[in-house]
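Note that this note's numbering has the sequence shown beginning at 1, numbered continuously upward. Cβ atoms here follow ideal geometry from the backbone N, Cα and C, with glycine treated the same way. Quick caveat: nothing in here was measured; it's all calculated off a predicted structure.
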Amino acid sequence: MGAQVQELKKQQRLLVFACSVLALMVFVAGIYAFVQRGIALQMEKQAIETEKRTMECEKEAMMQMRMAERARAEALAAREEALRNSQLPKSNRDK
């Protein structure tokens with residue numbers, strides 16, 4: 001009977017040790033998941049900031065394109081005006 005008690009105590013200590021190891025593993029996994037979540041949130045925040053900057057750059061590029069188109073139209077109008085002026089008789093050009 002004493003041998004059975006000793007064996008049960010040994011198994012109990014082994015079971016307590018195994019449960020402690022398992023609890024430690026769960027704790028470490030929880031910390032790891034928490035850290036991974038933090039990293040994922042930071043990456044999402046960076047992605048949002050990058051998207052905002054991209055949209056601002058696209059907006060600026062569109063404004064620059066509009067300005068370039070306007071300048072091109074003005075240059076074309078000036079060229080046409082100069083061409084018309086060069087084709088007028090000299091007396092009309094002086095006016």
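Report the rounded CA-to-CA distance for residue i versus residue j, giving the unit in angstroms.
i	j	result
Lys52	Gln87	52 Å
Leu14	Leu24	15 Å
Val35	Gln42	11 Å
Glu81	Glu69	18 Å
Val16	Gln4	18 Å
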